[in-house]
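Below is one structure; the comments refer to it alone.
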Amino acid sequence: MRPTALAALSLSITLLIAPILTQASGSNATLSQEDTVWLRRDAFGLDTATVAQYRALGRKTMLEKQLDDRLGDSLPAPIAAQIASYESFYTPLDQLLTSIQNEQQQIKAMPDGPTKVAANQALQARGNKLGQEAQQAELLRAIYGPNQLKEQLVWFWLNHFSVYAPKGRVRWELADYEQNAIRPHALGKFRDLVMATLESPAMLEFLDNAQNAKGHVNENYARELMELHTLGVNSGYTQQDVQQLALILTGVGIAPTNGKPEKFGPKVAPLVVRNGLFEFNPQRHDFSDKVLLGKTIKGSGFDEVQQAVDLIVKQPACAQFVSRKLAEYFISDNPPPDLVTKMARTFRHSDGDIAQVMRVMFQSRDLVSNAGKKFKDPMQFVVSSVRLGYDGTPIVNAQPMVGWLNQLDQPLFGRITPDGWPLDNISWSSSGQMAKRFDIARAIGTGNNQLFTPVGSTQRGAGFPMLTTRLYYDAIEPYISPATHDALAKATSQQEWNTFLLSSPDMNYR
C-alpha cells in the first residue's frame, strides 16, 4: 500500500473511533440537522430522490405514506428488468424444486465417473446462482426502493427470521422467501408475518420442521420460534413448552414435488391444508391435546398451529421483545426504556400492527436525539455508500456489493446460526472491519468497482462519483464533524476526497 494510502487509512480509523456529530453554526442548508438525522434513520442513507420526496411531502405525510405502503415497490425500469431476468424470480418455486428433484434423480441413476461429477457440479452451480440472484435483488431493492422505511424493515425481518442459504435447498427458495413471506408483511400484522415465515419452504427446511412428524419429533423450529422470533430468551416459557409446541407443529411441512399424487383417507383428507408449497399433512400430525404457556390446545390439526401462534404473539413478552429489537436497530444499542414501553403498549393494543409500532418510534424525540449513536452494520454501510456515491445511476452489476458484504463478514443469507446478524455496534467496529470499510469506500469513491460493468463484459461503465453535489452541501456538509472537515481538506484529489467522506464517522454512524 502507498504511504498516502496508509496515511489515509490511519486517518479514517482515527476518525471512526470518535463518532461525534456536531452542528455547524449559521448554516443556510435547506434541511435542518434534525431533518437529516430523521431521514438517515428512515432511509438507507441519503440520496437526491429521498430528500426531494421529503421536501415535497413533509415529514408527517411522507411517514404516513410509507407506513400505509402507498409509495409502492416500483423500481427504475433498468433495475426492475434486471431483477425480472433472474431465474429465481421468473420461475415459480414449485417448478424450481421439481426441476432440482428431477435432476437429482437423473444424476443418481448415472454411473460413477466424470460425467456424474460434472452433472453434480452443474446442479450446485445453478443453486449458487439462484442464491446470488436473491442476494443481488435484495441489494438493488434496498438501494432503489422508493419506500426506504419499508426496505429497511424488509432487511430487518430477513435478519430477524434468518435463514441460511447453503443448507439443503434453501438457496433455491430465497427469492420466494423474500418476495412472498417477508416483503408483503413487512408493515403488516406481526402475527401474519410469523405465519408467513412458518409456512415458507426456506424456514421449514432451514429449521428442520419439514422433518417434524409424529413419532419423529424435531424441536428445532419450535425452540427458535419462541426464543428468537417472538418471545426472546428468559421470557417465561419452559422446555416443556418447546416440546408441546413441537408436537403442535408435527405435520407442518412442504408438499412433495415429485409429481406423484398424495393419498389421504376419507377421514384425514378434509384436514389437509395447502398453500402453495406449504402443506399440513394430518397423517404426520400428533393429535393429542397439548398445554402451551399454560393453555390447553385440543388436538384438532392445523387449527392447533394457528391457536399456538395467536397465543404466542399476544404474550406481553412478545410485544416487549420485538419492540426493543426494532428500537435497537433504528436508534441505539440501549434504546430508551420509556420508548420501548410505549412501542410495546402499541404492539399489544393494535394486535401487533408493525406500522403503528413504527409510527410511535418515528414520531418520538428519541429518534432524532440519539443521532450518531448507532453504528451502521455492513448492509447499511454498503447500501448507503452506493446510494450517495451513484445517486440515480442504474447499476448493471450487483455482484461487487455481494462481495463487499462477504468481505465485511455479513454475507446476505449467510448467518449459519438462526439468531441473525448482531445489531450492536461493537460487532461491526473492530479495526479489521474499519480497514475493510476503507477499502470499500475507496472502491466506490474511485469508481474502481465494476458496478457499471455488465457481467461478462470487459468494458467499464461510469467513473468515479462527484460527491460534492447540492445534496452534499444542503444535507451533509453543514453537519459533519470538525475532524471530518479537516480530513477532507487534506484530500489531494476528488477520488481521495470521496474515499475520506465515505469512510468518515459521519457516514458510518447514523
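The sequence shown lines up with residues 0 to 509 when you count with numbering that gives the first Met the number 0. All C-beta atoms in this analysis are idealised placements derived from N, C-alpha and C, irrespective of residue type, glycine included. Source: prediction; values computed, not measured.
T295 in three-state terms, based on DSSP: strand
Measuring straight from C-alpha to C-alpha, what distance separates F320 and A326? 10 Å
As an exercise, report each continuous beta strand (DSSP E) stretch of at least 3 residues that is fully enclosed by the segment 231-302, in chain order. 251-253, 272-274, 277-279, 289-291, 294-296
Identify every residue that forms a DSSP beta bridge with Y508. F374
Nearest candidate by alpha-carbon position, reference R273, set P393, A442, G300: G300
Who does A209 pair with in a DSSP beta bridge? Paired residue(s): none; A209 is not in a bridge.
Residues near D332 by beta carbon distance below 7 Å, same chain, minus five either side: D423, N424
Of the residues G130, V169, G388, the one placed nearest I82, counting alpha carbons only: G130
What does the Cβ neighbour count give for M465, buried or exposed, with the cut at 16 atoms within 10 Å? exposed
Please list the terminal residues of the continuous alpha helix (DSSP H) segment that includes Q355. 353-361
Expressed to the nearest angstrom, what Euclidean distance is found between the alpha-carbon atoms of N101 and R283? 25 Å
Which listed residue (S426, P421, L387) has its alpha carbon closest to that of I475: L387
If you draw a straight line from the alpha carbon of L227 to that of V193, how long is it in whole angstroms? 12 Å
Please report the residue range of the alpha helix (DSSP H) in which P481 lies. 481-488
Could you name the residues that DSSP lists as bridge partners for K64? None, per the DSSP bridge assignment.
Span of the alpha helix (DSSP H) around H510: With the chain represented from 0 up to 509, any question about residue 510 goes unanswered, as that position is not in the structure.
Find the nearest neighbour of L148 within the set D302, E132, M61, A343, judged by alpha-carbon distance. M61
Considering H348, what are the terminal residues of the alpha helix (DSSP H) in which it resides? 336-348
Buried or exposed: G214, going by 16 or more other Cβ atoms within 10 Å of its Cβ? exposed
Check the C-beta distance from A201 over to L224 and give it rounded, since I have them as a contact under 8 Å. Actually they do not touch by this definition, with Cβ atoms about 15 Å apart.
Taking 7 Å as the line, does the beta carbon of P377 fall inside it for any heavy atom of the ligand MN? In the structure on display, the ligand MN does not appear, and there are no ligands present to speak of.
Can you list, in chain order, the residues of its chain with a C-beta nearer than 6 Å to that of F361? Leave out the 5 residues immediately preceding and following it. L62
For I415, count the other beta carbons within 10 Å of its own beta carbon; 16 or more makes it buried, fewer makes it exposed. Which is it? exposed
Secondary structure, beta strand (DSSP E): runs of 3+ residues fully inside the segment 80-158: none
Assumed close pair E132, S87 - CB separation to whole angstroms, cut-off 8 Å: 5 Å
Can you look up K59 in the DSSP assignment and give me helix, strand or coil? helix
Could you compute how far the alpha carbon of L248 sits from the alpha carbon of V241? 10 Å
Per the DSSP calculation, K188 is bridged to which residue(s)? D352
Cβ pair A141, W154 closer than 8 Å: yes
Alpha carbon of Y220 to alpha carbon of D191, nearest angstrom: 17 Å
Same chain only: Cβ atoms within 6 Å of Y176, ignoring 5 sequence neighbours per side: S199, A201
Beta-carbon proximity check, G71 vs P145, cutoff 8 Å: yes
Report buried or exposed for T114, applying the criterion of at least 16 other Cβ atoms within 10 angstroms of its Cβ. exposed
Please classify N257 as buried or exposed, where buried requires at least 16 neighbouring CB atoms within 10 angstroms. exposed
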